[in-house]
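J.: Quick note: the UniProt record's numbering has the sequence shown finishing at residue 219, numbered continuously throughout.
Beta carbons: idealized from backbone N, C-alpha and C, even for Gly.
As the structure is a prediction and not an experimental result, all values here were calculated from the model.
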Amino acid sequence: ALTLRQARERNVDNFYFFCQHITLLPTLRSLLDQPDNSIDAFLAPGHVSMVIGTEAYGFIASDYHRPLVVAGFEPLDLLQGAVMLVEQTIAQRSDVENQYRRVVPDAGNPLAQAAMADVFRLDGDSEWRGLGVISDSGVQLTPAYQRFDAEAHFRPAPQRVCDDPRARCGEVLTGRCKPHQCPLFARTCNPQSAFGALMVSSEGACAAWYQYRSQENEA
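1) With 16 other CB atoms within 10 Å as the buried threshold, where does L173 fall?
2) Among Q88, Q192 and R160, which has the Cα closest to the Cα of D40?
3) Going along the chain, which residues of its own chain have a beta-carbon closer than 6 angstroms to the beta-carbon of E97, five neighbours each way excluded?
4) Can you give me the Cβ contacts of H21 inside the same chain, cut-off strictly under 8 angstroms, excluding the 5 residues immediately before and after it?
5) Going by the beta-carbon positions, is the gap between L94 and H65 smaller than 8 angstroms?
6) Expressed to the nearest angstrom, what Euclidean distance is found between the alpha-carbon atoms of A53 and E151?
7) My output table needs one value for D149: the three-state DSSP class, helix, strand or coil.
8) Report the three-state DSSP secondary structure of V139 (helix, strand or coil).
9) Leaving out the 5 sequence neighbours to the left and right, which residues in its chain are closer than 8 angstroms to L78 when beta-carbon positions are compared?
10) Under the rule that 16 or more other beta-carbon atoms within 10 Å means buried, what is V104, buried or exposed?
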């Protein structure tokens with residue numbers, strides 16, 4: 001958002017932005033709306049929450065009755081976040097709690113939110129690998145920044161990624177199976193040759209399971 005603001009202020013005319021951003025909250029709703037999901041609780045990411053705040057997650061506790069804890073990325077942060085979720089489950093509570101208070105304010109970062117609202121707007125549906133099309137999760141540039149839109153300027157031919165039908169990415173995301181239960185895991189699909197969306201990024205569930213699978217076997 002800040003880069004586009006600067007480009008507009010400086011009247012840069014040879015810079016284009018291919019907007020492929022997607023939004024988190026509609027996706028969480030879509031996951032929870034699936035009647036056969038097996039999601040017990042959420043450990044929410046600190047870097048995203050630093051911008052949107054903890055209040056944005058309120059619907060998860062109020063509408064879907066799932067505990068959620070915003071946690072940092074240090075080992076003790078993650079451990080304390082997991083403990084807080086367990087404590088909520090034992091007490092049969094569904095609250096939004098903030099373990100990462102040293103970084104994440106409940107209202108988030110108003111300046112960052114204002115910058116994003118100036119540059120980006122929610123615009124229609126978006127396709128998520130492993131989950132299909134999710135309503136109201138797509139993001140486009142606002143009219144004031146439309147001249148930087150690479151897709152509108154260059155008009156590339158639409159391309160569709162064909163996922164391997166054996167991949168179980170969506171089932172992993174909804175808690176219906178564990179990464180190692182996918183027939184592609186660690187064989188056809190691994191960090192060096194990723195077939196599924198969850199193996200591409202080091203933050204993905206399958207990539208993390210792949211990295212630490214030896215510790216799981218030892219346990």
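T.: Taking the definition as stated:
1) buried
2) Q88
3) Cβ contact annotation for E97 (same chain, cutoff 6 angstroms, sequence separation greater than five): V69 and M84, in chain order.
4) F120 and V139
5) According to the sequence as given, residue 94 is Ser; it is not Leu. A contact, by the Cβ cut-off of 8 angstroms.
6) Position check: residue 53 holds Gly in this sequence, whereas Ala was assumed. Distance between the alpha carbons of G53 and E151 is about 31 angstroms.
7) strand
8) strand
9) L43, A71 and G72
10) Buried, since its Cβ has 16 or more Cβ neighbours within 10 Å.
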